[in-house]
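Below is one structure, written out as structure tokens; comments come after it.
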Amino acid sequence: MSQSVAKRRRVQRSPTPEYKLDDDDGDSYVPYVPVAQRRQAKLAKLTSWGANPDKGKASRQEEEQEEKEGEEREEERLREKARKERTLLMEAQEVHDRKAAEDAKKTTEEKEEEQDAEILAAIASRRKLASDLELAKGVQYTEPMKTSWKPPRFIQERSDEEHRRLREKYHILVEGDNIPPPIENFTDMKVPEPFVKFLKSKRITTPTPIQLQGIPTAFAGRDMIGIAFTGSGKTLAFCLPLIMFALEEETRLPFTRGEGPVGVILCPSRELASQTYENVLTWTAALSTGGRYPQLNTLLCIGGISMGEQSHVLNKGLHVVVATPGRLIDMLEKKKFTFDNCKYLCMDEADRMIDLGFEDDVRNIMSFFRHQRQTLLFSATMPRKIQDFAQQSLVKPILVNVGRAGAANLDVLQVVEYVKQEAKMVYLLECLQKTPPPVIIFSENKNEVDDIQEYLLLKGVEAVAIHGSKTQEERQYAIKSFKSGAKDVMVASGVASKGLDFNDIQHVIIFSMPKEIEDYVHQIGRTGRSGKTGIATTFVNMNTPEQTLLDLKYLLMEAGQKVPLFLMSIEDPRAAQGASLKGCPVCGGLGHGISNCPKLEDAQRRQMASHRGADDRGGY
Ligand SMILES: Nc1ncnc2c1ncn2[C@@H]1O[C@H](COP(=O)(O)OP(=O)(O)OP(=O)(O)O)[C@@H](O)[C@H]1O
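According to this note's numbering, the sequence shown is numbered sequentially starting from 7.
Written out as structure tokens, the structure is:
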């Protein structure tokens, strides 16, 4: 019963807009008079019986008149309401039509941009790179670090236009405020003479583009993001400023046991950290030879080595730490040293560090700093997503970009060949004849790395292998014997070889094409380093995803390389829609948009797997 009343009331009291629209002007509508009102009217009628009939008649007429007026007022009110609802509906329809017309006018590119922005916003919810304490306290540094370094007067006196022309000459793009000037030689950068002499002895006579803009930027204390091709000397660009800073601090007040470090360099792999450590050792030794400058102490902090070996460094004052994140956190937690005086933090292959799950480690490491630090991020590949994320974590950062982030080194001749899966091994032998050693062969799969090495050994080729499941000793042995020239070929998984600088690699063979084009760029970048040329041969076949082939096609086109017919014939659905081809903001690949980025898909898969794992374990 109450249900039917309620139903009726709903229909009568709140007519829906549709109802109103059908019943255009509402003329046939009988207004609702509430039950209580009707009951009262009836009662009044009844109680008026028996009273003065004339008076009763008059008052009945008045009542009827009032009732009629009331009905008319109610009718008018409802008509007005219906009119308003109709207008609102029409306005909404108009807005919708206008938006549809605007959307139709938008190019595919604009629509794609909107879509990209939406996806980017959805994945941009990450916390900025700062220590938890700083985040909790809302500590925000607003001014860059101050240093005593200044460019020579004659460079300071150059006009902005002159600086701009110089950058243009070296294809250097910069973004940021008060950018220090580019400087074309090490002496003008005020690098100590023994150091310059040492560099000359290594045939490093003039700074590379990333060095001539990056070193002054870092010397001036500025936070920076440095992007430049593989093999273009980024290591010197971020190590030299730290060495100079350490030298200044040591000269001011010599370090004693328990003091330091003043700066830390973080690397995503042990091999890269070891290589950078060796570089810093050589450079600091070169500086102190001759006795004019003090000895600086450097600690290598990576998993797989005993810290006992390094205790002699910990027994002295410590200037520089080169580390992988895990071991560094371990050492800091055990209070083997502190970051109380640490003011310089550099991340090599920074996009990988941020991307591949080191983000929380980095935040953890930052929580050990007691002061503001100068932060530098370097890589050959730095997708827009990481750049944006990094920008908000740095203080008035300067972006120094040589070439497109993620572009291939132009000194590498890229050859892409279609090789059937079953023919790869045999063809590999033939391929090895293209150049003299040393040659690196990459495979994405650890088992395949072992199979290739075994096959080559059987065929009498001196080959070593390196991948994540090898012990530290095996990895060190492989690198050492390959670097020294004792072995001709190194078979490696992509992860184990990023950023490694081997002398004069002639040929890189990519046995299985990595899904992510960034990995390809890093892999071919093991050759064609420091101005020399090299060849990269890549095997692709039906197993290579079309997305990856498209990325590859565009990368070859961008680098002015020959594009084989089978790659040329792969159609890009976006090109057919007239979209312009800019790098995917997540991975930098030119052959796809963010909505079908393999890296994003991979990250999501990993995330889901970890959630599933957590669920299986009973949740967090
Ligand atoms: N100014 C220079 N002139 C000539 N050679 C240089 C110069 N600076 C560095 N090099 C040499 O170039 C080689 C590559 O340098 P480095 O390893 O720093 O490259 P990278 O840019 O870090 O490469 P990747 O991105 O692959 O890590 C090294 O052997 C280094 O000694």
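Just so it is clear, CB atoms sit at the ideal spot from N, CA and C, and this is done for glycine as well.
If you check the beta carbons only, do Ile185 and Thr223 fall under 8 Å apart? Result yes, Cβ atoms of Ile185 and Thr223 sit closer than 8 Å.
By the DSSP assignment, the alpha helix (DSSP H) with Leu558 in it spans what residues? Note, Leu558: alpha helix (DSSP H), 552 to 564.
Which residue marks the beginning of the beta strand (DSSP E) containing Thr330, and which one marks its end? Run containing Thr330: none; DSSP gives neither H nor E here.
Compute the Euclidean distance between the alpha carbons of Asn602 and Arg369, then round it to the nearest angstrom. Cα to Cα, the separation comes out at about 30 Å.
With H, G and I counted as helix, E and B as strand and the rest as coil, what does DSSP make of Met313? Note: Met313 maps to helix in three-state DSSP.
Quick one: what's got a C-beta closer than 7 Å to Gly227's C-beta in the same chain, skipping five residues either side? Once the five neighbours on either side are set aside, the close Cβ partners of Gly227 are Pro150, Met151, Lys152, Thr153, Gln380.
Check the DSSP bridge columns for Thr304 and list the partner residues they point to. When beta bridges are read from the DSSP output, Thr304 appears opposite Val326.
Just to check, is the beta-carbon of Ile210 closer than 7 Å to a non-hydrogen atom of ligand 1? With a cutoff of 7 Å, Ile210 counts as near ligand 1, since its C-beta is closer than that to a heavy atom of the ligand.
What does DSSP give as the partner residues of Tyr283 in its beta bridges? Looking at the DSSP assignment, Tyr283 forms no beta bridge with any residue, so it has no partner.
How far does the alpha helix (DSSP H) with Val527 in it reach, from first residue to last? 523 to 530 is the extent of the alpha helix (DSSP H) around Val527.
For a test of the three-state rule: what should DSSP assign to Asn347, helix, strand or coil? DSSP, reduced to helix, strand and coil, places Asn347 outside both helices and strands of the structure shown, so it counts as coil.
Among the residues of its own chain, which have a CB less than 6 Å from the CB of Ile233, if the five just before and after it don't count? These residues qualify, in order along the chain: Met388, Asn407, Ala411.
Residue range of the beta strand (DSSP E) that Glu181 falls in? Unbroken beta strand (DSSP E) run through Glu181: 178 to 181.
Name, in chain order, the residues that DSSP records as bridge partners for Cys352. BP columns for Cys352 point to Ile271, Leu382.
8 Å Cβ cutoff met for Phe517 and Ile472: Cβ distance not < 8 Å, so Phe517 and Ile472 don't count as in contact.
Within 7 Å: the Cβ of Asp507 and any heavy atom of ligand 2? Looking for ligand 2 in the displayed structure turns up nothing; the ligands present are ligand 1.
Return yes when the Cβ of Ile221 is within less than 8 Å of the Cβ of Ala243, no when it is not. Yes. Within cutoff.
Could you tell me if the beta carbon of Thr236 falls within a distance shorter than 7 Å of some heavy atom in ligand 1? Flag set: Cβ of Thr236 near ligand 1.
Can the beta-carbon of Ala484 be found closer than 8 Å to that of Val470? Cβ distance < 8 Å, so Ala484 and Val470 count as in contact.
Inter-residue spacing [alpha-carbon to alpha-carbon] between Lys342 and Pro443: Roughly 43 Å separates the two Cα atoms.
Any idea if Asp357 is buried or exposed, counting beta-carbon neighbours within 10 angstroms, 16 or more meaning buried? Its Cβ being crowded by 16 or more others within 10 Å, Asp357 is buried.
Among Ser275, Leu248, Leu246, which one has its Cα closest to the Cα of Glu355? Nearest of Ser275, Leu248, Leu246 to Glu355, Cα basis: Ser275.
Alpha carbon to alpha carbon, what distance is there between Ile178 and Asn451? Answer to the nearest angstrom: the Cα atoms are 37 Å apart.
Segment contact, 8 Å Cβ cut-off, at least three pairs: the stretch 537 to 553 with the stretch 395 to 407: Judged by Cβ distances under 8 Å, the stretch 537 to 553 makes no contact with the stretch 395 to 407, as fewer than three pairs qualify.
With a threshold of 6 Å on Cβ separation, who are the neighbours of Glu315 within its own chain once the five nearest residues in sequence on each side are excluded? Correct list: empty, nothing qualifies.
Taking the alpha-carbon positions, what's the Glu24 to Lys391 distance? Since pLDDT at Glu24 reaches only 33, below the 50 mark, its modelled position is unreliable, and no value is offered.
Under 8 Å, do Leu4 and Cys352 count as touching if we go by C-beta distance? Residue 4 lies beyond the residue range present for the chain, which begins at 7 and ends at 626; the question has no answer from this structure.
Compute every distance between the C-beta of Arg276 and the non-hydrogen atoms of ligand 1, then say whether any falls below 7 Å. Checking every heavy atom of ligand 1 against the Cβ of Arg276, none is found closer than 7 Å.
Euclidean distance between Cα positions of Arg159 and Thr214: Each residue's Cα considered, the two are about 22 Å apart.
I'd like the list of long-range same chain contacts for Asn58, defined as Cβ closer than 8 Å, with 5 residues on each side in sequence excluded. Unreliable positioning characterises Asn58 in this predicted model, as indicated by a pLDDT of 49, which lies under 50. The coordinate reading is nonetheless provided below. Cβ within range, chain order: n/a, list empty.
State the CB to CB distance for the pair Cys350 and Val268, rounded to an integer number of angstroms; the pair is presumed to be in contact (CB under 8 Å). Sequence check: residue 350 is Tyr here, not Cys. With a Cβ gap of about 6 Å, Tyr350 and Val268 count as contacting.
Use the C-beta contact count for Ser317: other C-beta atoms within 10 angstroms, 16 or more gives buried, fewer gives exposed. Exposed, by the Cβ-count rule.
Buried or exposed: where does Val445 fall if 16 or more other Cβ atoms within 10 Å of its Cβ makes it buried? It is buried - the Cβ of Val445 has at least 16 other Cβ atoms within 10 Å.
Can you list, in chain order, the residues of its chain with a C-beta nearer than 8 Å to that of Thr211? Leave out the 5 residues immediately preceding and following it. Taken in chain order, the residues that qualify are Leu205.
Using C-beta distances below 6 Å, list every residue in its chain close to Val6, excluding the 5 sequence neighbours before and after it, in chain order. With the chain covering only 7 through 626, there is no way to say anything about residue 6.
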